[in-house]
Structure formats: structure tokens, C-alpha cells
Amino acid sequence: MATKKAEAPKGKLGVLVVGLGAVSSTFMAGVLAARKGLAKPIGSMTQYDKIRVGEGEDKKYLHYKDIVPLAELDDIVFGAWDVYPANAFESAVNAEVLKAKDILPIKEELEAIKPMKAAFDKNYAKRLDGDNVKECKDRWDMTEQIREDIRNFKKETGVDRVVVLWAASTEVYVPVDEKVHGSLEALEAAMKADDKEHIAPSMCYAYAALSEGAPFIMGAPNTTVDIPAMWELAEKTKMPIAGKDFKTGQTLVKSGFAPIIGTRCLGLSGWFSTNILGNRDGLVLDEPANFRTKEVSKLSTLESILVPEDQPDLYGHGNDEDTQYYHKVRINYYPPRNDNKEGWDNIDIFGWMGYPMQIKINFLCRDSILAAPLCLDLVLLSDLAQRAGRYGIQRFLSFFLKSPMHDYTENEVPVNHLFQQYVMLKNAIREMGGYEADETID
Ligand SMILES: NC(=O)c1ccc[n+]([C@@H]2O[C@H](COP(=O)([O-])OP(=O)(O)OC[C@H]3O[C@@H](n4cnc5c(N)ncnc54)[C@H](O)[C@@H]3O)[C@@H](O)[C@H]2O)c1
0 MATKKAEAPK GKLGVLVVGL GAVSSTFMAG VLAARKGLAK PIGSMTQYDK
50 IRVGEGEDKK YLHYKDIVPL AELDDIVFGA WDVYPANAFE SAVNAEVLKA
100 KDILPIKEEL EAIKPMKAAF DKNYAKRLDG DNVKECKDRW DMTEQIREDI
150 RNFKKETGVD RVVVLWAAST EVYVPVDEKV HGSLEALEAA MKADDKEHIA
200 PSMCYAYAAL SEGAPFIMGA PNTTVDIPAM WELAEKTKMP IAGKDFKTGQ
250 TLVKSGFAPI IGTRCLGLSG WFSTNILGNR DGLVLDEPAN FRTKEVSKLS
300 TLESILVPED QPDLYGHGND EDTQYYHKVR INYYPPRNDN KEGWDNIDIF
350 GWMGYPMQIK INFLCRDSIL AAPLCLDLVL LSDLAQRAGR YGIQRFLSFF
400 LKSPMHDYTE NEVPVNHLFQ QYVMLKNAIR EMGGYEADET ID
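In numbering that gives the first Met the number 0, the protein residues as written are 0 to 441.
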């Protein structure tokens, strides 16, 4: 795909979020508060990071907005869908992420964000029991209704463009089935045949967004956009897609820390990651079928950074088959902690002559506080990509995602290494700003 300079935005940017829970309400509250000068959007690359452009005497370090034409926070108009009818204010209060002093000054704006009825199927998230749900004849009808919601939102708000972001619960694991997910034609036929087993509601949202000319971002570990059918649709509609699973706490640390082990040629015999989490996300993930989706996403991070086939002496030992280090990830639902997740990593490494050592990392994080800036960055950069004529899988957004999209049918290996991902991000920004991509270290 030819790279071109991004066109300047015209008018407002609609941000339609699937799921109005802890992450979404924290994201929205932060943007609205920042707009009023009441809070700072800390952790957001698009608001803070500076990238070098030019070399030698011409080199300058600029904020993204001075390189590319990003939409302004003031231009964002929010909308949402949720299974529960709570508006964004009620949801922020229920989530208990933010303090009253941070929510009350933006109460009116948050109350105005009322969720549209969700495209939902209880078999995909058994622990949820809301009644703000669409009546759908079949999966095709579900998709058509979401498309209508997007069109109505555009009409009612007068926004120029829309980005759709999935920040809803993790669905049960849907393995890729070539017969259904392998082509757009097969996917559409399955939707029309109401194939509930292979067509998750999230696929209906993605299909609707792309068909309505909106980039789609998958913030959960759902396999929604990891299928050739969806790539075909993104190519056909010339829309960007990004996914999957916000890289927030433990996996951010992992993708930043694993390169230390790899770069210094230390050995790894095992990496055990566990978490305690007490919010609704934790409740949904307590269901084994939903946790499976998360587990697959979280496990993928190390595979392309510490590769046993490349370094059998260093990474080729540890599990039962003695072919690879042992990598295990657990999430335990523990209500007292609510959104304040605690992650522990125990890393068993070995050094000179095989002598073992251990590293322990204890991250006491706040899930939604880490996810909110990623929502903002993913939304603004997907909108930018669309204006730069980029479509299909947006690899430069891998930096923000636990399990980056890649074309596995072509044996493509995803880039999980945090600092390689950062180079990809910086170069995409440079190119969309009309500068040359480069590999200079700075
Ligand atoms: N916070 C993090 O650090 C982080 C990191 C990576 C991924 N995620 C993912 O982000 C998602 C949101 O997390 P959260 O903490 O806000 O969860 P949450 O439970 O507070 O909110 C999710 C909301 O989605 C709604 N929902 C579920 N299915 C829906 C559907 N089909 N249509 C519309 N709404 C639907 C639920 O009713 C709920 O209100 C989860 O999938 C989580 O795994 C979060």
C-alpha cells in the first residue's frame, strides 16, 4: 500500500465505543476533563510523546500533532453501546475507578452518553445479565441494526467521521474456522444462516463499522478481526483495522522486560505470571471459556521475542517436552481489589554455565487508568491512518496491543518486542507526516 501524507481532518470525530464499562467510562471522563483543563491525559503518546524528524542539522523533536494532522480532543463526540442501560456517569460511579471529585465536574457531559442497545448473545459472556439488548432475527440482522445505529449517530451528531472501538467484555474463545472465517463470502453466508457458534457479536460490530466507513479497533482479546474474512472486508472498504487486546500492565512489562533477557543472551527456563483482579472484567474472565481467549492472547507475547528455535541453548528447556521454557498466565477474580489489579511475575532465568537466578516483578497497577490512554491513542491514530489512505491491518499500532494482528496465512510473525514496535510506530507517524522513515537510534 502506497504511503501518503495524511489529509487534515474536517469537522468532528465520532468515537463509538462498544461497552460502557470501567475502561470506556474512564477513557471518556479523562478526555472530557482534559478538555476543560481539569486533568492531564498522562500516558497518552499522541498527547505527550515527541519523535525526531529529519537528520543532522535538520533534526527536530516534535509532538505527534506537529508532525501529523491529528484530531483534537475538542473534536471528539462520544457514543456507546452496552448490555446495561447505565449512562457514562453512572458507569463511572459504578466502576469506582475515579474519585467523585474527578467525575462530578463533568457529570452533565457523561450523563448525556447513553448506551444504545447492545448486539449481544449471552452464550458469549454468561456472567452478564443486562436487558439493554437488541432483538435480532439472525446475525445478519444484528449487523444491519448496528449499521443503522452508526448512520443514526452520524446524522444526530453531525460528526464527519466515526471510529469504532471495542472496549466491551472478553467473549468466549472462537477458534478460527477456515470454512467460515476464511473469506468474506463465507462469513456473510454464515451471518445470513445465523451461525451463532462461529459468528460472535463482536464480528457483527466489526463488519458494521468497516461497512459504514469506520476504522475498527479490538481492545479485548477476541479473535474478531484475526480472520481473513475481516481483512478482506477492510481491503474492500479501504478501512484500517487494529487489534488485539490493550497492552496495559503485565504484558507491557513483559514485552519491555523480555528483550533484556534476550539481548544479553541469558537463558529462560520459566515465566509464571499471575494476577488478582476484582472488576467486572475479572468476573467475566473467571469463566474458563472467556479466560481461554485472554490466555491465548497473553501467552503469545513471549513467543516472538525469546524464540526457542533460534536459541535452543537459551530458550529450549523448561516444560514437559523439554522443548521450550515454561510460560504460564493466570488471572484470579478477587473482588476486594476491584479495578486495582495486582500482577506478579516470577521469572526463572539462568546464566553463565547454566546457574539459575530469579527475577520477581510485582506491579500494583490500575487497569482502566492504564487502558484509557491507549483507547485515546488507538482512536486518534486509526482516524489518522484512514485519512492517510492506510487500510487493512495496522501493524504500526502493535505497540499498544498484547497480541498484534498479523497475516498468519503468509506465516508472518507478529512483532511483540516493545522497542521494535516503537520504531514501527515512529516511522508510520513520520511517513504520514511526509517525512522519510528511518532507523537512526535516538
Ligand atoms: N483494563 C485493562 O487493562 C485491559 C487490558 C486489556 C484488555 N482489556 C479489555 O477491555 C475490555 C473492557 O474492560 P473493562 O474493565 O472496561 O470491563 P467492564 O466489564 O467494566 O466493561 C465491559 C462492558 O462491556 C459490556 N458488554 C459486553 N458485551 C457487550 C456487547 N456485545 N455489546 C455491548 N456491550 C457489551 C458489558 O456490559 C460491560 O459494561 C475487556 O474485554 C478487557 O478484557 C482491558
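Cβ coordinates follow ideal geometry from the N, Cα and C atoms, glycine included.
Bear in mind that the values here come from a model prediction, so they are computed numbers and not experimental data.
N-terminal and C-terminal residue of the alpha helix (DSSP H) that methionine 404 is part of: Run containing methionine 404: none; DSSP gives neither H nor E here.
Outcome for threonine 408 when other beta-carbon atoms lying within 10 angstroms are tallied against a minimum of 16: exposed
Exposure of aspartate 441, with buried meaning 16 or more beta-carbon neighbours within 10 Å: exposed
Could you tell me which residues DSSP puts in a beta bridge with aspartate 347? Gly269, Gln357
Local conformation of histidine 416 per DSSP, three classes: coil
Where do the ends of the alpha helix (DSSP H) carrying proline 227 lie? 227–236
Residue range of the alpha helix (DSSP H) that methionine 141 falls in? 138–156
How would you write the range of the alpha helix (DSSP H) that methionine 352 sits in, first residue to last? Premise fails: methionine 352 is in no alpha helix (DSSP H) and is neither H nor E.
Check whether serine 201 and arginine 146 have beta carbons under 8 Å apart: no
Report yes if the CB atom of isoleucine 240 is closer than 8 Å to the CB atom of isoleucine 392, and no otherwise. yes
Secondary structure at phenylalanine 442, three-state DSSP: helix, strand or coil? The chain is shown from 0 up to 441; residue 442 falls before or after that span and cannot be answered.
If we ignore side chains and look at the alpha-carbon of each, how far apart do tryptophan 230 and tyrosine 333 end up? 38 Å
Touching or not, the stretch 166–183 and the stretch 292–310, by the rule of three or more beta carbon pairs under 8 Å? yes
Go ahead and pull the three-state DSSP assignment for histidine 326. strand
Which value, in whole angstroms, describes the spacing of the CA atoms of alanine 188 and histidine 180? 10 Å
So threonine 13 packs on lysine 153, CB below 8 Å; how close in whole Å? The sequence given here places glycine at residue 13; threonine does not occur at that position. Going by Cβ atoms, the distance from glycine 13 to lysine 153 rounds to 6 Å, so yes, they are a contact pair.
According to DSSP, is valine 30 part of a helix, a strand, or is it coil? helix
Output yes or no for whether 8 Å exceeds the beta carbon distance between valine 412 and proline 403. no
Indicate whether the contact test is met: 3 or more Cβ pairs, each with one atom in the stretch 105–119 and one in the stretch 24–41, closer than 8 Å. yes
Candidates Asp140, Arg389, Val82, Ile66: closest to phenylalanine 119 by CA position: Val82
Which of the three DSSP states is assigned to lysine 4 in this structure? coil
Is the Cβ-Cβ distance between valine 67 and methionine 431 less than 8 Å? yes
Assigned exposure category for glutamine 357 - 16 Cβ within 10 Å defines buried: exposed
Taking the CB atoms as reference points, tell me whether leucine 267 and tyrosine 324 lie closer together than 8 Å. yes
Quick one: any contact between the stretch 232–251 and the stretch 216–223, if contact means 3 or more CB pairs under 8 Å? yes
Cut-off 8 Å between Cβ atoms - residues of its own chain near aspartate 48, not counting five sequence neighbours on either side: His62, Tyr63
Report buried or exposed for phenylalanine 418, applying the criterion of at least 16 other Cβ atoms within 10 angstroms of its Cβ. exposed
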